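Novice:
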Ligand SMILES: Cc1cc2nc3c(=O)[nH]c(=O)nc-3n(C[C@H](O)[C@H](O)[C@H](O)COP(=O)(O)OP(=O)(O)OC[C@H]3O[C@@H](n4cnc5c(N)ncnc54)[C@H](O)[C@@H]3O)c2cc1C
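Residue numbers (our numbering): 89 to 610.
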């Protein structure tokens, strides 16, 4: 039965693509179908942090925080192009309120009832000390205290903030993380099908028969696999009930989070961790050189998973929240872009959306010795690689899963040292001295050493083909179509890159037209 896959994965978000890559490196025959674009759902709508999750310490989710903190540096080393260390400034003010329903809050309200949801500075410092030490840092610098009256991080902030704590986490380009996992999977032999929906799956003896549909042409395809992995993210429960149709009492809790992107609010490369008067937190992060990313909200989502957008109420809330910290106001028309996604959290019955666990849950269904189905609930971008290892530990009784191998193994383009970013940039400048500095930085961050392959042999600008605007040339577009499954201008402008922030509507239309024409000719 040589058309039999060992594993078929439904869903091309970070969890599906991470599992596909891991499987391919274990010499398993693996396929993956994604009904839209890779990272088309939650995995391009995150805050884009490899982080332990400072606020989860308040929920005493120590294991989750430790696991994620240790993972930050493992991931950073494997992808120093799309991920980089970031310092976070946490301005301290005695009036800041923390979440009221956390185990730490409840404990404190007993021993220090007069604090009423506030935290003394020493307690915040203690939390950061834990954060510093739980995860065995080697690369990332430790927490320090800042005097905001002299440190440049204090300059844009309201004068009432005089002290801050500065700690480390990492940034990651989330949608590129997904596509690079898919690329590595494909280079190791995986089948990756985009715009292909799984419309049904049935157990037949010891394997699954999986029905797929090309959503652009309506063409039907069939695949057979020993194991089926449901990494449908917000659709995970829907797939269990309506596509695979197995009995399960497990459910997903959809929690919407929105972000706004505004014109740059400050002039340095550190981010802010802001504590509100309502107990929530908000990040203000330097974004794409000229912008600031602000987020996120946390609301139960009742609508279909695919219909999600940042409401005016959410945008106003985030503007007000952040403006309260800064000297300058944020006007409605300072917002240049908004995005929104739903967290597919495991439904653990928590009271509020904010309190629902962020850890992942993997549930294996073998229907009494038949072909296995593995359902993936929850998880974070930060823990995708560990989640995949845990998936293969679960499947070890069903498949020859071999050894874990992904820790520290570079993703495509990431084969250079974490401190080699400047050296790589110089190599790119040498290879293409005609490119402007912003484009060089963008190519280096998006593609790492693969930027040199994209530019290979170009000695003058014209060698890169048509220029579509904002430093995007035909040569890069061909790369994205041929090697990164880009089909539409939106795939290019909002997921393979964030050039959508710079391109005009006419330029986007021209890209779309060019891509359609090229696809028709292939
Ligand atoms: C607002 C917000 C902020 C976040 N910030 C962070 C952060 O800073 N750091 C962090 O570590 N984590 C963060 N997360 C969490 C993280 O983004 C998610 O846990 C993760 O992206 C989930 O990935 P996934 O692969 O499970 O789901 P998804 O990315 O949603 O992928 C599931 C895919 O399955 C596809 N699919 C569904 N049904 C079918 C079908 N029948 N056939 C084919 N394909 C199908 C969908 O199209 C989708 O692309 C954040 C989440 C949100 C919402």
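Using N, Cα and C, we set each Cβ at its ideal position, and we do this for glycine too. Quick caveat: nothing in here was measured; it's all calculated off a predicted structure.
#1: Which residue marks the beginning of the alpha helix (DSSP H) containing residue 595, and which one marks its end?
#2: Does DSSP put residue 555 in a helix, in a strand, or in coil?
#3: How about residue 267 and residue 171: do their beta carbons lie closer than 8 Å?
#4: Would you kindly check if the distance between the Cβ of residue 595 and the Cβ of residue 553 is under 8 Å?
#5: Under the DSSP definition of a beta bridge, which residues are partnered with residue 463?
#6: In three-state DSSP terms, what is residue 102?
#7: Is it the case that the Cβ atoms of residue 532 and residue 563 are separated by a distance below 8 Å?
#8: Have a look at the DSSP bridge pairing and note the partners of residue 245.
#9: Once the 5 residues before and after residue 593 are set aside, which same chain residues still bring their CB inside 7 Å of it?
#10: Within this structure, are the beta carbons of residue 317 and residue 479 separated by less than 8 Å?
#11: Suppose the cutoff is 6 Å on Cβ atoms and the five residues either side in sequence are ignored; what does the same chain contact list for residue 382 look like?
#12: In whole angstroms, give me the CA-to-CA distance for residue 580 and residue 447.
#13: Output the boundary residues of the beta strand (DSSP E) element that contains residue 257.
#14: Would you say the beta carbon of residue 140 is closer than 7 Å to some non-hydrogen atom of ligand 1?
#15: Closer than 7 Å: is that where the CB of residue 501 sits relative to any heavy atom of ligand 1?
#16: Distance, Cα to Cα, residue 291 vs residue 459?
#17: Can you tell me which of the three DSSP states residue 560 falls into?
#18: Using the rule of at least 16 other Cβ atoms within 10 Å of the residue's Cβ for burial, across every protein chain shown, is residue 215 buried or exposed?
#19: Residue 258: buried (16+ other C-beta within 10 angstroms of its C-beta) or exposed?
#20: Provide the residue span of the alpha helix (DSSP H) that contains residue 193, from first to last.
#21: Between the alpha carbons of residue 128 and residue 569, how many angstroms are there, rounded?
#22: Grab me the residues of residue 285's own chain with a C-beta within less than 6 Å of its C-beta, minus the 5 sequence neighbours each way, in chain order.
#23: What are the start and end residues of each continuous beta strand (DSSP E) run of 3 or more residues lying completely inside the segment 292 to 341, in chain order?
#24: Would you list, in sequence order, the uninterrupted alpha helix (DSSP H) runs of no fewer than 4 residues that lie entirely inside the segment 98 to 184?
#25: State yes or no: is the C-beta of residue 121 nearer than 7 Å to some heavy atom of ligand 1?
#26: At what residues does the alpha helix (DSSP H) containing residue 488 begin and finish?
#27: So, are the CB atoms of residue 176 and residue 361 less than 8 Å apart?
#28: Hey, would you say residue 384 sits closer than 8 Å to residue 321, going by beta carbons?
#29: Quick one: Cα of residue 457 to Cα of residue 483, how far?
#30: Could you check how far apart the C-beta atoms of residue 464 and residue 324 are, in whole angstroms? I think they sit under 8 Å.
#31: Can you tell me the Cα-Cα spacing of residue 168 and residue 506, whole angstroms?
#32: Following a CB-centred definition, is residue 127 positioned closer than 7 Å to any heavy atom of ligand 1?
#33: I need the DSSP call for residue 94, collapsed to helix, strand or coil.
#34: Would you mind working out which of 224, 232, 331 and 151 sits nearest residue 209, comparing C-alpha positions?
Specialist: Taking the structure as given:
#1: Counting from one through the chain shown, the residue named residue 595 turns up at place 507. First-last of the alpha helix (DSSP H) with residue 595: 593 to 609.
#2: Taking the first residue of the chain shown as position 1, residue 555 is located at position 467. Strand, per DSSP.
#3: Reading the chain shown from its first residue, position 179 is the one you call residue 267. Reading the chain shown from its first residue, position 83 is the one you call residue 171. Result no, Cβ atoms of residue 267 and residue 171 do not sit closer than 8 Å.
#4: The residue given as residue 553 occupies position 465 in the chain shown. The residue given as residue 595 occupies position 507 in the chain shown. Not a contact, by the Cβ cut-off of 8 Å.
#5: Along the chain shown, one-based indexing puts residue 463 at 375. Its beta-bridge partners are 318 and 451.
#6: As a first step, residue 102 is located in the chain shown; it is residue number 14 there, counting from the start. Three-state DSSP puts residue 102 in a helix.
#7: Taking the chain shown and counting its residues from 1, the one referred to as residue 532 is at position 444. Taking the chain shown and counting its residues from 1, the one referred to as residue 563 is at position 475. No.
#8: Start at 1 with the first residue of the chain shown, and residue 245 comes out as number 157. For residue 245, which the question treats as bridged, DSSP gives the partners 414.
#9: Counted from its first residue, the chain shown places residue 593 at position 505. Same-chain partners within the cutoff: there are none.
#10: By 1-based counting over the chain shown, the position of residue 317 is 229. By 1-based counting over the chain shown, the position of residue 479 is 391. A contact, by the Cβ cut-off of 8 Å.
#11: Taking the first residue of the chain shown as 1, we reach residue 382 at position 294. Within the same chain, residue 382 has close Cβ partners 348, 372, 406 and 410.
#12: In the chain shown, residue 580 corresponds to position 492, counting from 1. In the chain shown, residue 447 corresponds to position 359, counting from 1. Taking the straight line joining both Cα atoms gives about 31 Å.
#13: In the chain shown, the residue the question calls residue 257 occupies position 169. That run of the beta strand (DSSP E) goes 251 to 260.
#14: The count along the chain shown starts at 1 and reaches residue 140 at position 52. No, the beta carbon of residue 140 sits no closer than 7 Å to any heavy atom of ligand 1.
#15: Within the chain shown, residue 501 is the residue found at index 413, counting from 1. Incorrect: residue 501 has no Cβ contact closer than 7 Å to ligand 1.
#16: For this step, residue 291 is matched to residue 203 along the chain shown. For this step, residue 459 is matched to residue 371 along the chain shown. Residue 291 and residue 459: Cα-Cα distance of roughly 6 Å.
#17: Here the question's residue 560 lines up with position 472 in the chain shown. DSSP places residue 560 in strand when its eight states are reduced to three.
#18: One-based indexing of the chain shown puts residue 215 at position 127. So residue 215 counts as buried.
#19: Here residue 258 is taken as the residue at index 170 of the chain shown, counted from 1. Buried, by the Cβ-count rule.
#20: By one-based count along the chain shown, residue 193 stands at place 105. From DSSP, the alpha helix (DSSP H) with residue 193 extends over 191 to 199.
#21: Taking the chain shown and counting its residues from 1, the one referred to as residue 128 is at position 40. Taking the chain shown and counting its residues from 1, the one referred to as residue 569 is at position 481. Computed Cα separation, rounded: 16 Å.
#22: For the purposes of this step, residue 285 is identified with residue 197 of the chain shown, where counting begins at 1. Correct list, in chain order: 123, 301 and 303.
#23: 295 to 302 and 308 to 318
#24: 102 to 113 and 150 to 166
#25: Taking the chain shown and counting its residues from 1, the one referred to as residue 121 is at position 33. True, at least one ligand heavy atom lies under 7 Å from that Cβ.
#26: As a first step, residue 488 must be located in the chain shown, where it is residue number 400. Neither: residue 488 is in no alpha helix (DSSP H) and is coded neither H nor E.
#27: The count along the chain shown starts at 1 and reaches residue 176 at position 88. The count along the chain shown starts at 1 and reaches residue 361 at position 273. A contact, by the Cβ cut-off of 8 Å.
#28: Sequence index remark: in the chain shown, residue 384 carries index 296 (1-based). Sequence index remark: in the chain shown, residue 321 carries index 233 (1-based). Against a cut-off of 8 Å, the Cβ pair of residue 321 and residue 384 comes out as no contact.
#29: Reading the chain shown from its first residue, position 369 is the one you call residue 457. Reading the chain shown from its first residue, position 395 is the one you call residue 483. Cα-Cα distance, rounded: 13 Å.
#30: Your numbering for residue 464 matches position 376 in the chain shown. Your numbering for residue 324 matches position 236 in the chain shown. The pair is a contact, with the Cβ atoms about 7 Å apart (cut-off 8 Å).
#31: Locating residue 168 in the chain shown gives position 80, where the first residue counts as 1. Locating residue 506 in the chain shown gives position 418, where the first residue counts as 1. If you take the alpha carbons of residue 168 and residue 506, they lie about 5 Å apart.
#32: On the chain shown, residue 127 is found 39 positions in, with the first residue counted as 1. Because some heavy atom of ligand 1 lies under 7 Å away, the Cβ of residue 127 counts as near it: yes.
#33: Reading the chain shown from its first residue, position 6 is the one you call residue 94. In the structure shown, residue 94 sits in a strand (DSSP, three-state: E or B).
#34: As a working note, residue 209 is residue 121 in the chain shown. Comparing Cα positions, the closest option is 232.
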